[in-house]
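Residue numbers (the numbering used here): -6 to 235.
Glycine included, C-beta positions come from ideal geometry on N, C-alpha and C.
Written out below as structure tokens is the structure these notes cover.
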Amino acid sequence: MTDKRQALVTGANKGLGLAISKGLAQAGFSVWMGARDRTRGEAAVRALRYEDLDVRFLQIDVADDVSVRRAAETVRAEVGALHVLVNNAGIVLDLQTSPSGLSMEDVKATYEVNLFGPIRVTQTFAAMLKATGDARIVMMGSGVGSLTLITDPTSLFSTVNLLAYSSSKVALNAVTVSFAKEFEPFGVKVNTVEPGHVRTDLNGNSGFLTPEEGALTAIKMACIGVDGPTGGFFGSHGRQPW
Ligand SMILES: NC(=O)c1ccc[n+]([C@@H]2O[C@H](COP(=O)([O-])OP(=O)(O)OC[C@H]3O[C@@H](n4cnc5c(N)ncnc54)[C@H](OP(=O)(O)O)[C@@H]3O)[C@@H](O)[C@H]2O)c1
-6 MTDKRQALVT GANKGLGLAI SKGLAQAGFS VWMGARDRTR GEAAVRALRY EDLDVRFLQI
54 DVADDVSVRR AAETVRAEVG ALHVLVNNAG IVLDLQTSPS GLSMEDVKAT YEVNLFGPIR
114 VTQTFAAMLK ATGDARIVMM GSGVGSLTLI TDPTSLFSTV NLLAYSSSKV ALNAVTVSFA
174 KEFEPFGVKV NTVEPGHVRT DLNGNSGFLT PEEGALTAIK MACIGVDGPT GGFFGSHGRQ
234 PW
């Protein structure tokens, strides 16, 4: 057991998850870097340990009940507490497809990771988070998860039409609100963040922000104090419209 504050980031082996893990470790957390693939996860852990950061690998496939349960058992057995959960893992399968041409298989696979994943992980780690009395949960949302922005003709997001990805992130916002209401009496704050358009494999590295820049809002919301908000949606400029 340790007194150090514990954080878990899912999908931490690359992109935003790797940058968020680095930022949280630099902020003083002991970070569990969640990855579904051991080889990729351990390589990412080695890279951050090389910078003297307190990180360790946790095998967790957010789409798999058994994997998530095992991951929670590992954290409970080794440190017994979780102060920050960043539900970051995500996929997009409909970049090349129109909404009417998208297979139901891809819709379900997207929801399994982007929507059911955060629900599954949050439920499974809920007891450890509530027990700390001041935990923070960050859901990795998206600008295309804002119904206001995707229907605003003046917004860049209105040009994007991704049925599965966008609707998974819209629904994730409602999930944030639900958990925020339930966990408020336990001092747990739950917020969605929007990282901006970030250069990662998710978008073929087409974004204009670096992962380190995109990670900043998630790190900030993972570290908010007792006066900070809960049940909200935030980007680099503050509150985002739903
Ligand atoms: N990049 C952007 O501009 C942008 C904008 C808005 C929101 N986001 C969101 O930010 C989050 C991170 O995306 P990114 O841009 O960093 O993408 P990325 O570089 O493709 O990273 C995605 C991460 O999620 C992991 N992952 C996928 N399925 C998983 C599963 N079933 N279980 C556990 N991990 C899984 C991937 O692991 P593998 O390496 O094993 O595939 C990878 O570590 C996502 O939720 C995404 O929707 C990104």
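For residue i, count neighbouring C-beta atoms within 10 Å of its own C-beta (all shown protein chains included) and say buried if the count is 16 or more, exposed if not.
i	result
His76	buried
Pro146	exposed
Arg(-2)	buried
Pro188	buried
Thr144	exposed
Phe50	buried
Val114	buried
Asp54	buried
Arg243	There is simply no residue 243 to check, as the chain begins at -6 and stops at 235 in what is shown.
Leu149	exposed
Ser135	buried
Lys101	exposed
Gly231	exposed
Gly200	buried
Thr152	exposed
Gly218	exposed
Ser96	exposed
Val59	exposed
Would you kindly check if the distance between the Cβ of residue j and the Cβ of residue i is under 7 Å?
i	j	result
Gly197	Ala82	no
Thr169	Met132	yes
Ala56	Gly21	no
Tyr158	Val85	yes
Thr103	Ser161	yes
Leu195	Asp87	no
Pro234	Thr125	no
Val204	Leu9	Note on residue identity: the sequence assigns Pro, not Val, to residue 204. In contact: Pro204 and Leu9 (Cβ atoms closer than 7 Å).
Arg33	Asn6	yes
Ala74	Met121	yes
Gly180	Val191	no
Val183	Thr210	no
Leu17	Ala0	yes
Val163	Gly138	yes
Val2	Val79	yes
Ala37	Met26	yes
Arg69	Gln52	no
Leu108	Leu46	no
Gly224	Ala173	yes
Just verifying my parser: in three-state terms, what is the DSSP assignment at residue i?
i	result
Val153	coil
Gln(-1)	strand
Thr147	coil
Val163	helix
Arg49	strand
Lys182	strand
Gly231	strand
Phe226	strand
Ala36	helix
Leu86	coil
Ser23	strand
Ile217	coil
Val55	coil
Val72	coil
Asn107	helix
Ala128	coil
Asn196	helix
Ala5	coil
Leu78	strand
Leu95	coil
For residue i and chain C, any beta-carbon pair shorter than 7 Å?
i	result
Gly231	The chain labelled as chain C is not found in the depicted structure, where only one protein chain is given.
Cβ of residue i versus every heavy atom of ligand 3: is any distance shorter than 6 Å?
i	result
His190	Among the ligands in the structure shown, ligand 3 does not appear; only ligand 1 can be found there.
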